[in-house]
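Listed in order, the protein sequences are those of chains C and A. Positions in the first sequence are counted from 1; adding 23 to them yields the working numbering. Positions in the second sequence are counted from 1; adding 1 to them yields the working numbering. This report refers to the structure that appears directly beneath it.
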Amino acid sequence: MSAFEVWGRVFDLTVTWIAYYVATINILYMFLTVLGFFALWRDRGVLSRTQQDALLRSPLLPPVAVLAPAFNEAATCRESVRAMLALHYPNHEVIVINDGSKDETLQILIDEFKLYRSGRTPDGTLPTKPVRAIYESRDPIRLVVIDKENGGKADSLNAGINVARAPVVCAVDSDSLLEERALLFVIQPFLEDDSTIAAGGMIRVVNGCTVDGGRVTEVHAPRTLLPLFQAVEYLRAFLGGRVAFSFLNSLLIISGAFGVFRRDAVIEAGGWLTSTVGEDMELVVRLHRRWRDARRRYRVVFVAEPVCWTEVPESLRILQRQRNRWQRGTVDSMSLHRGMILRPRYGAIGLFALPYFLIFEMLGPAVELIGYAVTIFGLATGLISPNVALLFAVVSILFGIVLSLSAVVLEELTRRRYPSPADLARLFLAAVLENLGFRQLHTWWRTRGLIDGLRGKQGWGAMERRGWRAP
Amino acid sequence: MKEGGRLTIWLSTLFVIIGWSAAIGAVHLFFARTRIPDAGLALALSVAIVQAVCIVVMLTALMAKKAVRARREARSAELRLRIAGNLASDVVAGRDRVRALRGYLAASRRDVEREIAAMAATLRGSSRERILELGREFGITSPEPEGRLEEVFAKAAGGNLLERAVAAEELEPHAQRLAEVQIPRALRSDDSSRVLAALEMLHAWKRSLPVPEVAMVLRHGDPRVRAAALRALPYSAPGGYETNVGHALRDSDPEVRRAAAETARKLRLEALLDGLVENLNDRDRSAALAAAFAVAVMPEGMGRLERVVASDDRFAAAVAFEALEKATIGRLHFS
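Spelled out as structure tokens, the structure:
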């Protein structure tokens, strides 16, 4: 066999494997989306408005501590803390953790909320960077501000959990906006089943919406392309994937922007890991591991109703940093918990969720990139005919559109946050257009993130905050 | 989620996936394969066609549903305004609007239901009675559990915390009646969850109801029951507070000690001051803090706390200091 023939065979094999890979991933996505659809449809509107009102009066609901790490959040901290304090929940406390901000964050909070240096001391035992002071408000509000040396988000959350006294803690980004009844909805799995140790809510894109007094008053799809792509992406990830993984009790990620945990469970697991950039995923995987090791019954749940609005990057540079970080976080979690993969004792986590994340989420971008390279090479050398390449590209794009559109349909059938048909039309347009350039760019960023993650690169990169404003 | 519900979801998913695969298979067999000799390419074309059809169907359904919904909501908003006007006229002003309301019932039962439920939630007294009467007259399920108290209570007692919390609020207007039969019966039950549910309701209602059976469960084997009984104690007035709460301050379970301190604070049980001061050394911080906050509200409490702050016991001193601070600036009720 000549060298040319050998290379030809290798090429054919590569193309065949990539085709199988693409088919498998698309069928899996399809399966998860359909499963998520029925799970979501089944769980929609569990509580009537009257029952929600009844719950808001109930003293039986567990106290919740909202933990909001803040680093250089001077632009948004005043409004977002007000919004957190105004959440509709019968018994919640807001704990802002000033993670050594270099701007005026702490002073703004002290002035705005009449803070005084409190005698309150941390109860928890999680190791953190030194706490300089704990402040509480003289006003009739339940606000605690922890001032500590810079140690990152995970370290701040650990400091917050040490100071919190409520049995349930809600970790949020200080610039995120929770809907008024978000806590009431996200606490429900804990009330329904006391084996629930963690629950996550839905994250939506706030860009394009009207925000007034820290509340989203008018919902619109983003008006610029990059946030619009992300809006579709968030819908697809949360309403499709996470609902399905939650249904399978295999949820591996609870977003750092909005996650609720039993405090004793987090402390028992050792808190958020400070040495990774994917601390949200890592903690959830660790909770699974610990509870499965101990053969204790537990649940980690995604609830689609409580909504947290978040500002997504509007520039390619910032978005690239964010996606690189997310990919590194996935690599970290997979690497730290590789011992769980394909181990039957970890049930659906070990046999399905982790292999899925390893093969499709972690390595997926690299395989996709190889696919593009092979196609270009094949076209250039004549090994692949343009018609075949075109047909496979069309199939792949149509799959992408169907999945994105399914998420938009699901949104309309269950949550209906976007009131205008024009918004839905924009989302649909984004579902089509994202396949023509953005997806490929995203794949490239994630592949870079994969390489950086495998090399052990750390660091978050800056996220620019513009403050809440009318669009 | 119930297992039956899970099975339905699995079956529905399976059904859709099979339907989707069958559609691809059919297109492949009857269309693509007859035109493209290469099997792989023909299959890819089949998938593309099915996906394209899916997109068109979904998009059409999405937009049609949005348009229908928008029209319905506009109509409903207008209708609800008129229904609310008629209801207010009947219920508040005492004018008979039953005939007009029956007309709306025929046009949109859901809107009438919604308006009645919304009004029932905000009204009290005779107006509330009238709106509920209208609901019954129109065959709309009454939001009141009147007549099915036993059933609602039994369901709540066997349910999870979410169901219990909702039921507690729903049953609140009937607390007096429930406290006469159902609650005492539940408290005498061997089933801890029933006992717990009854105690939680007493706590949730925050109404003074004579239920002496609460004292019986203060020494229950389940610490959750003991803690709940202590929290319900101030409302059930069985007497003998000092003895019972004093005993609970020395309970082996920290949650019970905490509940005991909270009850002592609520009832201002001065006789327990020494016991509470002892508990400032409780190694469970939440129990120690509850004790400190209770000490702070007692007449002699501030002086006792100051002495603990000046002592060598750093743990108790920190707890006492926080209670002193909160009491001084009037923030004890936020703790």
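We treat Cβ as the ideally placed atom computed from N, Cα and C, and that holds for glycine.
Check: Same chain, Cβ closer than 6 Å to A493/C, neighbours up to 5 away in sequence not counted; Outcome: Interpretation of A493/C is limited by its pLDDT of 39, a score under 50 that renders its predicted location unreliable; the figure taken from the coordinates is listed afterwards. Only T233 meet the Cβ criterion.
Check: 7 Å CB neighbourhood of V242/C in its chain, flanking five on each side removed; Outcome: C232, R440, Y441 and P442
Check: Residues within the region 456 to 472 of chain C neighbouring chain A, beta-carbon criterion of under 8 Å; Outcome: none
Check: Residue range of the unbroken alpha helix (DSSP H) whose run includes T56/C; Outcome: A26 to D66
Check: Exposure label - I210/C; buried when at least 16 CB within 10 Å; Outcome: buried
Check: Per-residue contacts from N161/A into chain C (C-beta, under 9 Å); Outcome: L214, E215, D216 and D217
Check: Candidates V335/C, L450/C and V418/C: closest to A430/C by CA position; Outcome: L450/C
Check: Residue range of the unbroken alpha helix (DSSP H) whose run includes E256/C; Outcome: L248 to L258
Check: Helix, strand or coil at G240/A [DSSP, three-state]; Outcome: coil
Check: Chain-ordered chain C contacts of A33/A [CB-CB under 8 Å]; Outcome: Going along chain C, no residue has its Cβ under 8 Å from A33/A, so there is no contact; the nearest lies around 11 Å.
Check: Length of the line joining the Cα atoms of L339/C and R161/C; Outcome: 43 Å
Check: Inter-residue spacing [alpha-carbon to alpha-carbon] between W491/C and L200/C; Outcome: Confidence is the limiting factor: at W491/C the pLDDT is only 48, short of 50, which leaves the residue's position unreliable and the question unanswerable from this model.
Check: V89/C (DSSP reduced to helix, strand or coil); Outcome: strand
Check: Nearest-angstrom Cα separation, counted from T151/C out to N347/C; Outcome: 26 Å
Check: Short-range partners of chain A found in the region 360 to 390 of chain C, where Cβ spacing is below 7 Å; Outcome: none
Check: is_contact[S338/C, chain A] using C-beta, thresh 7 Å; Outcome: no
Check: Simplified DSSP state of P329/C, which is helix, strand or coil; Outcome: strand
Check: Cβ distance (whole Å) where L262/C is taken to contact L63/C below 8 Å; Outcome: 6 Å
Check: Buried or exposed by the 16-neighbour rule on C-beta atoms within 10 Å, applied to L365/C; Outcome: exposed
Check: Backbone secondary structure at N230/C - three-state DSSP; Outcome: coil
Check: Under 7 Å between C-beta atoms of A189/C and V283/C; Outcome: no
Check: Residues from the region 37 to 57 of chain C in contact with chain A, defined by Cβ distance under 8 Å; Outcome: A42, M53, F54 and V57
Check: Neighbourhood of A187/C by C-beta, 7 Å cutoff - its chain only, sequence neighbours within 5 removed; Outcome: A88, L90, I118 and R286
Check: Per-residue DSSP class, three states only, for E241/C; Outcome: strand
Check: Exposure of G20/A, with buried meaning 16 or more beta-carbon neighbours within 10 Å; Outcome: exposed
Check: Identified DSSP bridge partners for Y158/C; Outcome: R140/C and V168/C
Check: Nearest-angstrom Cα separation, counted from A318/A out to A311/A; Outcome: 7 Å
Check: Cβ-Cβ separation, L210/A to L203/A (assumed contact under 8 Å), whole Å; Outcome: 7 Å
Check: Span of the alpha helix (DSSP H), counted from its first residue to its last, around D134/C; Outcome: T128 to E135
Check: Proximity test, Cβ basis, 7 Å: M59/A and chain C; Outcome: yes
Check: Proximity winner among I141/A, H175/A, L42/A and E263/A, relative to V153/A (alpha-carbon distances); Outcome: H175/A
Check: Neighbouring residues, chain C, relative to I19/A (Cβ below 9 Å); Outcome: By Cβ distance, chain C contributes nothing, its closest Cβ being about 11 Å from I19/A, past 9 Å.
Check: Chain-ordered residues of the region 135 to 157 of chain C with a beta carbon less than 8 Å from chain A; Outcome: Y139, S141, G142, R143, T144 and D146
Check: Contact check, M304/C vs G352/C, beta carbons under 7 Å; Outcome: yes
Check: Under 7 Å between C-beta atoms of G224/C and V326/C; Outcome: yes
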